[in-house]
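**Q**
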Amino acid sequence: MSIILKNATFIHWKTLEFTQTSIKVESGLNGGITFLPVDLSGIDISKDEVIDCTGKLVTKAFAVGHHHVYSTLARGMPVPPKQPENFLQILEYVWWNLDKALDKEMIEASALSTAMACAKAGSAFVIDHHASPNAIMGSLEIIANAFDRVGVSHLLCYEISDRDGVDKANQGLQETADYIQVNQGLVGLHASFTVGDETLTKAVDLMAKTHSGIHIHVAEDIADQQQCEQEHNMRVMERLHQFGVLNSPKTILAHCLHLSENERSLIRNSPAWIVENAESNLNNNVGHFRGTNLGKNIMLGTDGMHSDMLRSAQAAFFAGQEADQINVPEAYRRFRNVHHYLADNHFEGDGENNLVVLDYDSPTPITEHNFLGHFVFGLSSNHIRHVISNGSWLVKNKRLTNVNEKELLTFAKEQALRLWKKL
842 MSIILKNATF IHWKTLEFTQ TSIKVESGLN GGITFLPVDL SGIDISKDEV
892 IDCTGKLVTK AFAVGHHHVY STLARGMPVP PKQPENFLQI LEYVWWNLDK
942 ALDKEMIEAS ALSTAMACAK AGSAFVIDHH ASPNAIMGSL EIIANAFDRV
992 GVSHLLCYEI SDRDGVDKAN QGLQETADYI QVNQGLVGLH ASFTVGDETL
1042 TKAVDLMAKT HSGIHIHVAE DIADQQQCEQ EHNMRVMERL HQFGVLNSPK
1092 TILAHCLHLS ENERSLIRNS PAWIVENAES NLNNNVGHFR GTNLGKNIML
1142 GTDGMHSDML RSAQAAFFAG QEADQINVPE AYRRFRNVHH YLADNHFEGD
1192 GENNLVVLDY DSPTPITEHN FLGHFVFGLS SNHIRHVISN GSWLVKNKRL
1242 TNVNEKELLT FAKEQALRLW KKL
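Residue 1174 in this note's numbering sits at position 333 of the sequence shown, with consecutive numbering throughout.
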């Protein structure tokens, strides 16, 4: 049985062309979409599920370029014993304290909650960067199973780091190798300043062996550059370039705030991708992203702040007015670039049959000529009515279709309380 979205206004995600049509959605990873007449009379639809989309906008579902499942249970958690005064202290007192407290049940609750939030905000695919130093082995499979249960496709990695010792770094490498052997995934690294040469070498070797890419935080704070210059006598991107991180088109460089012109050139002339996280930058007071001289391979993420990609795109636009001089078409281009990253690298789960249906009753006309104005200044996750993932329902009439949301949120609250007691 296929899903038919009857009498929809279809917006092509690349061209923004508007088409009044009915859409037949095929199920499966390799399923596509077929455009049918608005009037379905004379067409055999007896075996299909027909949903009236009169007045609704239908376009490609969204995807998250950089997320952190491990941060999900942080919302409302106790304040740290000492107020952080800089980014390194934020990591030490907040995030590294939290990730070390995670166990398997907490990871599962975090992943389920993240997948549900992403789905309801219109994303059918998530790229995640995970850390749980005292529950490393099997953590990626737990997250994958949780995402599969909700119905959200994924590209995962474990955040390998030397900050908790060589043994933990080696566990991270082993977890990555085990997971990528049977799943699509990336080789995750925390950041240059917590990864020594030996671990970096092993990670890049694993990247090459598995034909994968590195997913790493880059120059999020100036401290990353300062440590690299002191310890390695070079800047972060120069070090990563020297080790071969930039060789893969699957490599994702998160943040990229404090870069020299030479570093920008290294990135621009490589096949690697950058992911911008505007709200996280503002929250941590680490600076503003500038896309100048970085090339076109820039996409957007949430950095675990939330799971709403429309919000991330709008934040990138508004925050960029000061430093980036980003315009509305560029905000949309970065928002959609994640699909190019996934398609170009042949990752599965972000096909044509991932769709979002928007119930957007604007007080002003909306056309292909002014859609981008609505995208930045009007659309929100509140307008998402349905989400289809791999041709099957993910969200229908604003309700998750594959899981009991209330039951899973109750489980998440229980795990959050357990986590908070350990902090």
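For each residue, glycine too, the CB sits at the ideal point set by N, CA and C.
How many Å lie between Ala1257 and Leu877 at the Cα?
**A** One-based indexing of the sequence shown puts residue 1257 at position 416. One-based indexing of the sequence shown puts residue 877 at position 36. Each residue's alpha carbon lies about 47 Å from the other.
**Q** Only counting runs of 4 or more residues, tell me where the alpha helix (DSSP H) segments fall wholly within the stretch 1026 to 1080, in order along the chain.
**A** Those alpha helix (DSSP H) runs which fall completely within the stretch 1026 to 1080 and span 4+ residues are 1038 to 1050, 1063 to 1073.
**Q** Who does Tyr999 pair with in a DSSP beta bridge?
**A** What you label residue 999 is simply residue 158 of the sequence shown in a count that begins at 1. Paired residue(s): His971.
**Q** Hey, would you say Asp944 sits closer than 8 Å to Ala976, going by beta carbons?
**A** Position 103 of the sequence shown, counted from the first residue, corresponds to residue 944. Position 135 of the sequence shown, counted from the first residue, corresponds to residue 976. Yes, the pair counts as a contact, with Cβ atoms nearer than the cut-off.
**Q** What is the DSSP secondary structure of Asp989, counted as helix, strand or coil?
**A** Within the sequence shown, the letter at position 148 stands for residue 989. Helix.
**Q** Can you tell me where the beta strand (DSSP E) holding Met1140 begins and where it ends?
**A** Position 299 of the sequence shown, counting from 1, holds the residue named residue 1140. 1139 to 1141 is the extent of the beta strand (DSSP E) around Met1140.
**Q** So what does DSSP say about Leu898, is it helix, strand or coil?
**A** Indexing the sequence shown from 1 puts residue 898 at position 57. Leu898: strand per DSSP, three-state reduction.
**Q** Counting only the same chain and skipping the five closest in sequence on each side, list residues whose C-beta sits under 8 Å from that of Val910.
**A** Here residue 910 refers to the residue found at position 69 of the sequence shown. Result list for Val910: Ile948, Ser951, Ala952, Thr955, Asp969, His971, Ile984, Gly1145, in chain order.
**Q** Closest to Ser1106 by CA distance: which of Lys1137, Gly1128, Ala1095 is it?
**A** For the purposes of this step, residue 1106 is taken as the residue at position 265 of the sequence shown. For the residues Lys1137, Gly1128, Ala1095, the minimum Cα distance to Ser1106 belongs to Lys1137.
**Q** For Val879, count the other beta carbons within 10 Å of its own beta carbon; 16 or more makes it buried, fewer makes it exposed. Which is it?
**A** Position 38 of the sequence shown holds residue 879. That one is exposed.
**Q** Per DSSP, Ile1225 is paired with what?
**A** Stepping through the sequence shown from its first residue, residue 1225 is reached at position 384. Answer by DSSP bridge pairing, in chain order: Leu1199.
**Q** Does the beta-carbon distance from Ala1113 to Thr1092 come in below 8 Å?
**A** On the sequence shown, residue 1113 is found 272 positions in, with the first residue counted as 1. On the sequence shown, residue 1092 is found 251 positions in, with the first residue counted as 1. Contact: yes.
**Q** By how many angstroms is the C-alpha of Cys1097 removed from the C-alpha of Lys901?
**A** In the sequence shown, counting from the first residue as 1, residue 901 sits at position 60. In the sequence shown, counting from the first residue as 1, residue 1097 sits at position 256. Distance between the alpha carbons of Lys901 and Cys1097 is about 28 Å.
**Q** By how many angstroms is the C-alpha of Gly1214 removed from the C-alpha of Asp1065?
**A** Taking the first residue of the sequence shown as 1, we reach residue 1065 at position 224. Taking the first residue of the sequence shown as 1, we reach residue 1214 at position 373. Their Cα atoms are separated by approximately 37 Å.
**Q** Give every residue of the same chain whose Cβ lies closer than 6 Å to the Cβ of His1073, excluding the five residues on either side of it in the sequence, and list them in chain order.
**A** Position 232 of the sequence shown holds residue 1073. Arg1080, listed in sequence order.
**Q** What does the alpha-carbon distance come out to for the pair Leu932 and Asn938?
**A** For the purposes of this step, residue 932 is taken as residue 91 along the sequence shown, with counting starting at 1. For the purposes of this step, residue 938 is taken as residue 97 along the sequence shown, with counting starting at 1. Cα to Cα, the separation comes out at about 8 Å.
**Q** Under a Cβ-count criterion, where at least 16 other Cβ atoms within 10 Å of its own Cβ denotes burial, should His1210 be classed as buried or exposed?
**A** Within the sequence shown, numbered from 1, the residue matching residue 1210 stands at position 369. So His1210 counts as exposed.
**Q** Apart from the five residues just before and just after Thr913, which ones in its own chain have a Cβ nearer than 7 Å to its Cβ?
**A** Counting from one through the sequence shown, the residue named residue 913 turns up at place 72. The residues are Ser951, Ser954, Thr955.
**Q** Rounded to the nearest angstrom, what separates Met957 and Phe1216 at their Cα positions?
**A** As a position in the sequence shown, residue 957 is number 116, starting the count at 1. As a position in the sequence shown, residue 1216 is number 375, starting the count at 1. Taking the straight line joining both Cα atoms gives about 23 Å.
**Q** Residue ranges of each alpha helix (DSSP H) run of no fewer than 4 residues wholly in the stretch 1142 to 1199, ordered along the chain?
**A** Taking only runs of at least 4 residues, the alpha helix (DSSP H) segments lying wholly in the stretch 1142 to 1199 are 1150 to 1164, 1169 to 1185.
**Q** On the three-pair Cβ rule with 8 Å, is the stretch 1040 to 1051 touching the stretch 1012 to 1030?
**A** As far as the Cβ criterion goes, the stretch 1040 to 1051 touches the stretch 1012 to 1030, which means the pair count is three or higher.
**Q** Give, in chain order, every unbroken run of the beta strand (DSSP E) that is at least 3 residues long and sits entirely within the stretch 1069 to 1133.
**A** Segments of the beta strand (DSSP E) lying fully in the stretch 1069 to 1133: 1093 to 1096, 1114 to 1117.
**Q** Assign Lys897 to one of two classes, buried (16 or more other C-beta atoms within 10 Å of its C-beta) or exposed (fewer than that).
**A** The residue given as residue 897 occupies position 56 in the sequence shown. Counting Cβ neighbours within 10 Å, Lys897 comes out buried, since at least 16 surround it.
**Q** When DSSP labels each residue in this structure, what does Asp1019 get in the three-state scheme?
**A** As a position in the sequence shown, residue 1019 is number 178, starting the count at 1. Reduced to three states, the DSSP call for Asp1019 is helix.
**Q** Whose C-beta lies closer than 8 Å to the C-beta of His1180 among residues of the same chain, with five residues either side of it excluded?
**A** Indexing the sequence shown from 1 puts residue 1180 at position 339. Same-chain partners within the cutoff: Trp854, Lys901, Ala904, Asp1191.
**Q** In angstroms, rounded to a whole number, what distance separates the CA positions of Ile892 and Val1198?
**A** Residue numbering aside, residue 892 sits at position 51 when the sequence shown is read from its first letter. Residue numbering aside, residue 1198 sits at position 357 when the sequence shown is read from its first letter. One C-alpha to the other measures close to 11 Å.
**Q** Bridge partners for Trp1234 per DSSP, in chain order?
**A** Along the sequence shown, read from residue 1 onward, the residue named residue 1234 stands at position 393. For Trp1234, which the question treats as bridged, DSSP gives the partners Ile1229.
**Q** Identify, in the order they occur along the chain, each residue of the same chain with its Cβ nearer than 8 Å to the Cβ of Glu1267, setting aside the five sequence neighbours on each side.
**A** Outside the modelled stretch of the chain, which goes from 842 to 1264, sits residue 1267, for which no answer is possible.
**Q** Using 10 angstroms around the beta-carbon of His907, count the other beta-carbons present and answer buried if the total reaches 16, otherwise exposed.
**A** As a working mapping, residue 907 is identified with position 66 in the sequence shown. When all chains shown are included, His907 counts as buried.
**Q** Please report the straight-line C-alpha distance between Gln930 and Leu1014, rounded to a whole angstrom.
**A** Mapped onto the sequence shown, residue 930 falls at position 89. Mapped onto the sequence shown, residue 1014 falls at position 173. The alpha-carbon atoms of Gln930 and Leu1014 are separated by roughly 26 Å.
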